[in-house]
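K.L.:
These protein sequence lines map, in sequence, to chains A and B.
Residue numbers are given in this note's numbering: position 137 of the first sequence equals residue 137, and the series is strictly consecutive.
Residue numbers are given in this note's numbering: position 35 of the second sequence equals residue 303, and the series is strictly consecutive.
This structure is in structure tokens; I'll ask about it shortly.
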Amino acid sequence: MNLTEEQIERYSRHILLQDIGGPGQEKILNAKVLIIGAGGLGAPIALYLAAAGVGHIGIIDGDVVDLSNLQRQVIHFTPDLGKAKVESAKEKMQAINPDVKVTTYKDLIMASNARDMIKDYDFIVDGTDNFATKFLINDACVLEGKPYSHGGILRFDGQTFTHIPGEGCYRCIFDGPPPKDLIPTCSQAGVLGAIAGILGTIQAAEVLKFITGAGDLLTNRLMIFDAKKMKFREAKFKKRDNCPVCGVNPTVTELEDIEQAACDLKDA
Amino acid sequence: MKLTINGEEKIIEKDTLTISTLLLAESVKMPEMVSVELNGEMVERDVFDTQEVKEGDALEFLYFMGGGQ
Chain A
1 MNLTEEQIER YSRHILLQDI GGPGQEKILN AKVLIIGAGG LGAPIALYLA
51 AAGVGHIGII DGDVVDLSNL QRQVIHFTPD LGKAKVESAK EKMQAINPDV
101 KVTTYKDLIM ASNARDMIKD YDFIVDGTDN FATKFLINDA CVLEGKPYSH
151 GGILRFDGQT FTHIPGEGCY RCIFDGPPPK DLIPTCSQAG VLGAIAGILG
201 TIQAAEVLKF ITGAGDLLTN RLMIFDAKKM KFREAKFKKR DNCPVCGVNP
251 TVTELEDIEQ AACDLKDA
Chain B
269 MKLTINGEEK IIEKDTLTIS TLLLAESVKM PEMVSVELNG EMVERDVFDT
319 QEVKEGDALE FLYFMGGGQ
């Protein structure tokens, strides 16, 4: 693949980076990334990955744009109210960068379709809003041997790590999802809009680092930030022999749906 | 004893502590939902009652954070 003159100009600030350069940009243009959720996290992830020129981006979300989304879901605009989030997202992504092929799935990711949905992508990004789906994505990625970025936000706080096959997974930190309604969701507890941007852009940076091989990923490290104090910390973890999904004798060997509350006002 | 919990120095007025008694002393809600890292290593839940915490230890209490939309 040879970069065109226009691509060299569009991606010049990447090409200038020693860790990326022309070959790194070509890898980005050839990459296939799946974003699950076109909401608070998915919005900055989709915008930055499209701008970066990720060649093929899949985006999954079953919802339509709601007024309460616009405080943080910066890919959706007021005139998009009522429109499918995946369509609204696709329009902005292609307006930023017509190089990018966007495949939309106006659907929910579930046990029955998760492995099929992720299998053709190089990297998966979790931008979902509930534990049932977060564990489902973790388990599907572990079972399919896919790398993925985990992200979670609440109030003024966020957490993220990057799973690489063979390294620690979400269940190495937390065994399984909490019982329904025990942990507050964003719709019950709130979230500062810009928190979604901070965390989503960290996730987008991890995707681009993974594709290009630049730097060290957030593997076996859970990054935690507290925006009230504006402090970032990290907790080290590792692949656990007794992990329910990636351990020596896994108890999770196939996917199952768990019913849970989602982080949306209309569900509260 | 002096501990660092989630990046903050704290004095806990106890001479002996385990992970479980520390979670209790810190009034952590739903301790069964919290994962704990001690000095850079995750602590298995089944040793929370026996794993001692000592002066100068650094801990992270890891809470579920499930938002995203």
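Even for Gly, the Cβ is constructed at its ideal location relative to N, Cα and C.
For the alpha helix (DSSP H) that threonine 212 (chain A) lies in, which residues bound it at each end?
P.N.:
Reading the first sequence from its first residue, position 212 is the one you call residue 212 (chain A). Threonine 212 (chain A) -> alpha helix (DSSP H) spans 193-212.
K.L.:
Considering Cα atoms alone, identify which of A:Pro98, A:Val100, A:Ser68, A:Glu144 is closest to asparagine 113 (chain A).
P.N.:
Reading the first sequence from its first residue, position 113 is the one you call residue 113 (chain A). Considering only alpha carbons, the answer is A:Glu144.
K.L.:
My guess is that tyrosine 148 (chain A) and aspartate 126 (chain A) are in contact by the Cβ rule of under 8 Å, so how many angstroms apart are they, rounded?
P.N.:
Numbered from 1 along the first sequence, position 148 holds the residue referred to as residue 148 (chain A). Numbered from 1 along the first sequence, position 126 holds the residue referred to as residue 126 (chain A). With 8 Å as the limit, tyrosine 148 (chain A) and aspartate 126 (chain A) qualify as a contact, their Cβ atoms being about 6 Å apart.
K.L.:
Report the CB separation of glycine 42 (chain A) from asparagine 69 (chain A) in whole angstroms; it is logged as a contact under 8 Å.
P.N.:
Sequence index remark: in the first sequence, residue 42 (chain A) carries index 42 (1-based). Sequence index remark: in the first sequence, residue 69 (chain A) carries index 69 (1-based). Their Cβ separation, rounded to whole angstroms, is 11 Å, which puts glycine 42 (chain A) and asparagine 69 (chain A) out of contact at 8 Å.
K.L.:
Mapping DSSP to helix, strand and coil, what is alanine 268 (chain A)?
P.N.:
As a first step, residue 268 (chain A) must be located in the first sequence, where it is residue number 268. The predicted model places alanine 268 (chain A) with a pLDDT of 30, which falls under 50 and marks its position as unreliable; any figure quoted below should be read in that light. Coil at alanine 268 (chain A), not helix or strand.
K.L.:
Label glutamate 26 (chain A) either buried or exposed according to how many other C-beta atoms from any shown protein chain fall within 10 Å of its C-beta, with 16 as the threshold for buried.
P.N.:
Reading the first sequence from its first residue, position 26 is the one you call residue 26 (chain A). The residue is buried, with at least 16 neighbouring Cβ atoms inside 10 Å.
K.L.:
Taking only beta carbons into account, state which residues of the segment 142-161 of chain A come closer than 9 Å to chain B, listed in chain order.
P.N.:
Listed by position, the residues of the segment 142-161 of chain A near chain B (Cβ gap below 9 Å) are Gly151, Gly152, Ile153, Leu154, Arg155, Asp157, Gly158, Gln159.
K.L.:
Contact between the segment 178-191 of chain A and the segment 27-36 of chain A: three or more CB pairs below 8 Å?
P.N.:
Cβ pair count under 8 Å is below three, so no.
K.L.:
So for leucine 327 (chain B), helix, strand or coil by DSSP?
P.N.:
One-based indexing of the second sequence puts residue 327 (chain B) at position 59. Residue state, collapsed to three classes: strand.
K.L.:
So if I threshold CB-CB distances at 8 Å, which residues from the segment 290-306 of chain B count as touching chain E?
P.N.:
Reference to chain E is not applicable here, since the protein chains of this structure are A and B.
K.L.:
Taking the continuous alpha helix (DSSP H) assigned at glutamate 144 (chain A), which residues delimit it?
P.N.:
Reading the first sequence from its first residue, position 144 is the one you call residue 144 (chain A). First-last of the alpha helix (DSSP H) with glutamate 144 (chain A): 131-144.
K.L.:
Taking only three categories from DSSP, how would you classify glycine 335 (chain B)?
P.N.:
Position 67 of the second sequence, counted from the first residue, corresponds to residue 335 (chain B). Looking at glycine 335 (chain B) - three-state DSSP - the assignment turns out to be strand.
K.L.:
Tell me whether isoleucine 279 (chain B) is buried or exposed, calling it buried when 16 or more other Cβ atoms sit within 10 Å of its Cβ.
P.N.:
By 1-based counting over the second sequence, the position of residue 279 (chain B) is 11. That one is exposed.
K.L.:
Using a C-beta cutoff of 9 Å, does leucine 271 (chain B) count as contacting chain A?
P.N.:
Within the second sequence, residue 271 (chain B) is the residue found at index 3, counting from 1. Leucine 271 (chain B) does not count as touching chain A.
K.L.:
For leucine 239 (chain B) versus leucine 306 (chain B), is the C-beta distance shorter than 9 Å?
P.N.:
With chain B running from 269 to 337 in the structure shown, residue 239 (chain B) is simply not present.
K.L.:
Below 9 Å between beta carbons: does that hold for isoleucine 57 (chain A) and valine 100 (chain A)?
P.N.:
Taking the first sequence and counting its residues from 1, one reaches residue 57 (chain A) at position 57. Taking the first sequence and counting its residues from 1, one reaches residue 100 (chain A) at position 100. Cβ atoms of isoleucine 57 (chain A) and valine 100 (chain A): closer than 9 Å.
K.L.:
Give the secondary structure of threonine 379 (chain B) by DSSP, where H, G and I count as helix, E and B as strand, and everything else as coil.
P.N.:
Outside the displayed span of chain B (269 to 337) sits residue 379 (chain B), for which this structure offers no information.
K.L.:
Take alanine 214 (chain A) and list the residues in its own chain whose beta-carbon comes closer than 8 Å to its own, dropping the five residues that flank it on each side.
P.N.:
The residue given as residue 214 (chain A) occupies position 214 in the first sequence. If we look at alanine 214 (chain A) and ignore the five residues flanking it on each side, its Cβ neighbours are Leu17, Asp19, Ile20, Gly24, Leu208.
K.L.:
Count the other CB atoms within 10 Å of the CB of leucine 67 (chain A); is the residue buried (16 or more) or exposed (fewer)?
P.N.:
Looking up residue 67 (chain A) in the first sequence gives position 67. Exposed.
K.L.:
Closest Cβ-Cβ distance between leucine 217 (chain A) and chain B: below 9 Å?
P.N.:
Translated into the one-based positions of the first sequence, residue 217 (chain A) becomes position 217. Not one chain B Cβ lies under 9 Å of leucine 217 (chain A).
K.L.:
So does the segment 130-143 of chain A actually touch the segment 241-252 of chain A, counting three or more Cβ pairs closer than 8 Å?
P.N.:
Flag = yes, the segment 130-143 of chain A and the segment 241-252 of chain A touch.
K.L.:
Under 8 Å, with one C-beta from each stretch per pair, do the segment 155-169 of chain A and the segment 212-226 of chain A reach the 3-pair mark?
P.N.:
Enough Cβ pairs lie closer than 8 Å, so yes.
K.L.:
If we cut at 9 Å on Cβ distances, does glycine 336 (chain B) have a partner in chain A?
P.N.:
Your numbering for residue 336 (chain B) matches position 68 in the second sequence. Yes - at least one Cβ of chain A is within 9 Å of the one on glycine 336 (chain B).
K.L.:
Can you say whether proline 98 (chain A) is buried or exposed, counting buried as having 16 or more other CB atoms within 10 angstroms of its CB?
P.N.:
On the first sequence, position 98 is the one that residue 98 (chain A) refers to. With fewer than 16 other Cβ atoms within 10 Å, it is exposed.
K.L.:
Give the interface partners of proline 178 (chain A) over in chain B, defined as CB-CB distance under 7 Å, in chain order.
P.N.:
Translated into positions along the first sequence, residue 178 (chain A) becomes position 178. Met301, Phe332, listed in chain order.
K.L.:
I want to see whether chain B comes within less than 9 Å of isoleucine 75 (chain A), judged by CB atoms only; does it?
P.N.:
As a position in the first sequence, residue 75 (chain A) is number 75, starting the count at 1. It does not: the Cβ of isoleucine 75 (chain A) has no partner Cβ on chain B nearer than 9 Å.
K.L.:
For the beta strand (DSSP E) holding glycine 152 (chain A), just list the boundary residues, first then last.
P.N.:
The residue you call residue 152 (chain A) lines up with position 152 of the first sequence. Residues 148-154.
K.L.:
If you measure from the beta carbon of glycine 308 (chain B) to each beta carbon in chain A, is any gap under 9 Å?
P.N.:
Counting from 1 along the second sequence, the entry for residue 308 (chain B) is found at position 40. True, the Cβ-Cβ gap to chain A drops below 9 Å.
K.L.:
For methionine 301 (chain B), collect the residues of the same chain with a Cβ closer than 8 Å to its Cβ; drop the 5 residues on either side in sequence, then sort them by chain order.
P.N.:
Here residue 301 (chain B) refers to the residue found at position 33 of the second sequence. So the qualifying residues of the chain are Tyr331, Phe332.
K.L.:
For the segment 184-199 of chain A, which residues have a beta carbon sitting closer than 7 Å to at least one beta carbon of chain B?
P.N.:
Result list: Thr185, Cys186, Val191.
K.L.:
What does aspartate 129 (chain A) reach in chain B if we use C-beta pairs closer than 9 Å?
P.N.:
Here residue 129 (chain A) refers to the residue found at position 129 of the first sequence. By Cβ distance, chain B contributes Gly334, Gly335, Gly336, Gln337.
K.L.:
Considering Cα atoms alone, identify which of A:Gly53, A:Leu47, A:Asp181 is closest to glutamate 9 (chain A).
P.N.:
Residue 9 (chain A) sits at position 9 when you count from the first residue of the first sequence. The candidate whose alpha carbon is nearest that of glutamate 9 (chain A) is A:Gly53.
K.L.:
Taking C-beta pairs closer than 8 Å, name the residues in chain B that phenylalanine 174 (chain A) reaches, listed in chain order.
P.N.:
Locating residue 174 (chain A) in the first sequence gives position 174, where the first residue counts as 1. Neighbours of phenylalanine 174 (chain A) on chain B, chain order: Ser303, Leu330, Phe332.
K.L.:
What are the residues in the segment 13-46 of chain A lying within 8 Å of chain B by C-beta distance?
P.N.:
Here the close residues are Gly37, Gly39, Gly40, Leu41, Gly42.
K.L.:
Distance cutoff 9 Å, beta carbons only. Does glutamate 312 (chain B) sit that close to anything in chain A?
P.N.:
Within the second sequence, numbered from 1, the residue matching residue 312 (chain B) stands at position 44. Yes - at least one Cβ of chain A is within 9 Å of the one on glutamate 312 (chain B).
K.L.:
Does DSSP put alanine 31 (chain A) in a helix, in a strand, or in coil?
P.N.:
In the first sequence, counting from the first residue as 1, residue 31 (chain A) sits at position 31. Looking at alanine 31 (chain A) - three-state DSSP - the assignment turns out to be coil, as it is neither helix nor strand.
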